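Structure first, commentary second.
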Amino acid sequence: MGITGIEHMGFVVANPGAAAEWYCEHLGFHVLRVGENGSVAFVQCPETGLILELIGEGEVEAAVKDLRHPLQVHLALRTDAFEAERDRLVAAGAEFAMHCETSDPDARVCVLKDPFGLYLQLAQRREAFWK
């Protein structure tokens, strides 16, 4: 097969530069590249290598404006300090959206909405389910 992996995920936001700064400051991402006119920014999670492309609204409107539920499109983040991270991100401008029910009695999961309209799922699990 010619597919070798996921290169990046792209999201349209109103202000890519401000979103990139927020992701770096509050989620530990770092900037890979910012377009000359600021219409796009690529940020990367150093822990996982995941790259996000934050694209400015122009000809394309942000999909989050049409979402009817926070779980339709979300970025899931692992944590070992669920309450502290939830509270820290809310203090940094994220909005609490919902608690998530899970069949794992040891898991704690919720969804926050970042200041740019993207949904972040925060998950603390005793054991990773993907191993």
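Each residue of the sequence shown is one higher than the one before, starting from 6 at the first, in this note's numbering.
A virtual CB, placed ideally from N, CA and C, is assigned to each residue, including glycine.
Computed from a predicted model, the values in this text were never measured in an experiment.
Original post:
Would Pro-21 pass as a contact of Gly-54 if the rule is Cβ separation under 7 Å?
Top reply: The Cβ-Cβ distance between Pro-21 and Gly-54 does not fall below 7 Å.
Original post:
Rounded to the nearest angstrom, how far is the Cβ of Gln-186 from that of Ala-112, given a contact under 8 Å?
Top reply: Lying before the first or after the last residue shown, residue 186 is absent from the chain, which here runs from 6 to 136.
Subject >> Leu-32 versus Ala-97, Ala-67 and His-79, residue with shortest Cα-Cα distance >> reply: Ranking the options by Cα distance to Leu-32, first place goes to Ala-97.
**OP:** Please work out which residues of its chain come closer than 7 Å, Cβ to Cβ, to His-79, disregarding the five sequence neighbours upstream and downstream, and give them in chain order.
**Re:** Val-116, Tyr-124, Leu-125 and Gln-126
**OP:** Taking only runs that begin and end inside the stretch 47-123, name each unbroken beta strand (DSSP E) of 3 or more residues, in chain order.
**Re:** 56-61, 80-83, 100-104 and 113-118
Original post:
Taking the alpha carbon of His-104 as the point to measure from, which residue in Leu-76, Asp-85, Arg-131 and Arg-83 has its own alpha carbon closest?
Top reply: Leu-76
Original post:
Between which two residues does the beta strand (DSSP E) carrying Gly-43 extend?
Top reply: Per DSSP, Gly-43 belongs to no beta strand (DSSP E) and is neither H nor E.
**OP:** Give the DSSP-derived three-state secondary structure of Ala-23 in the structure shown.
**Re:** helix
Subject >> Distance between beta carbons of Gly-15 and Glu-58, contact taken as under 8 Å >> reply: 4 Å
Original post:
Which residues in the same chain have their Cβ closer than 6 Å to the Cβ of Glu-66, if we skip the five residues on either side of it in sequence?
Top reply: For Glu-66, where only same-chain residues beyond five positions count, there are no Cβ hits under 6 Å.
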